[in-house]
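Peer 1:
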Amino acid sequence: MSWQAYVDTSLVGTGHIDKAAIYSAKGDSVWATSAGFNVSPAEMQEVVTGLSGKPEKLYSDGLHIAGERYVLTKAEDRSLYARKGREGVVIVKTTQAILIAHYADGMIAGNAATTVEQLADYLISTGY
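Numbered per the numbering used here, the sequence shown spans residues 2 to 129.
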């Protein structure tokens with residue numbers, strides 16, 4: 002399956018995510034993305050820093066994704082969760098990739114998180 006197919010089918014296609022992107026684990030190259038969902042290099046640097054065990058600045062300044070500011074609600078070893086009103090983002094790092102998924106107002110945050118975490122588990126099991 003292509004990286005774009007993971008975005009289109011395994012993430013957005015579930016109905017729990019409305020846009021998503023997959024980047025390299027270093028955050029320096031985009032592997033696949035939903036149309037119009039553009040995460041800037043500076044935003045990716047925030048993500049990489051947050052995922053490398055230093056989320057403090059994200060808690061105080063917010064997490065910026067695709068030009069929007071989100072309030073970081075949870076940071077774990079491999080995951081970041083953030084909200085803006087009734088929408089939010091779920092970000093999960095695998096061995097070689099970073100999955101970024103956005104859920105819209107009306108979508109359930111828990112379902113979005115489960116969808117992204119399950120794809121991450123699968124990618125890790127295949128070496129990615």
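Idealized CB from N, CA, C, for every residue including glycine.
So does the stretch 21-28 actually touch the stretch 98-105, counting three or more Cβ pairs closer than 8 Å?
Peer 2: Yes: at least three Cβ pairs fall under 8 Å.
Peer 1: What does the alpha-carbon distance come out to for the pair L64 and E44?
Peer 2: Numbered from 1 along the sequence shown, position 63 holds the residue referred to as residue 64. Numbered from 1 along the sequence shown, position 43 holds the residue referred to as residue 44. Straight-line Cα distance between these residues: approximately 8 Å.
Peer 1: Pick out whichever of T74, A121 and T127 has its Cα sitting closest to the Cα of V8.
Peer 2: As a first step, residue 8 must be located in the sequence shown, where it is residue number 7. Per the Cα distances, A121.
Peer 1: By the 10 Å Cβ neighbour count, where 16 or more other Cβ atoms means buried, how is M108 classified, buried or exposed?
Peer 2: Locating residue 108 in the sequence shown gives position 107, where the first residue counts as 1. Buried.
Peer 1: How big is the Cα-Cα spacing for A76 and P56?
Peer 2: Here residue 76 corresponds to residue number 75 of the sequence shown, with the count starting at 1. Here residue 56 corresponds to residue number 55 of the sequence shown, with the count starting at 1. Cα to Cα, A76 sits roughly 7 Å from P56.
Peer 1: Please specify which runs of the beta strand (DSSP E), each continuous and at least 3 residues long, are wholly inside the stretch 31-89, giving them in chain order.
Peer 2: Entirely contained in the stretch 31-89, the beta strand (DSSP E) runs reaching 3 residues are, in chain order, 31-34, 64-66, 69-76 and 80-85.
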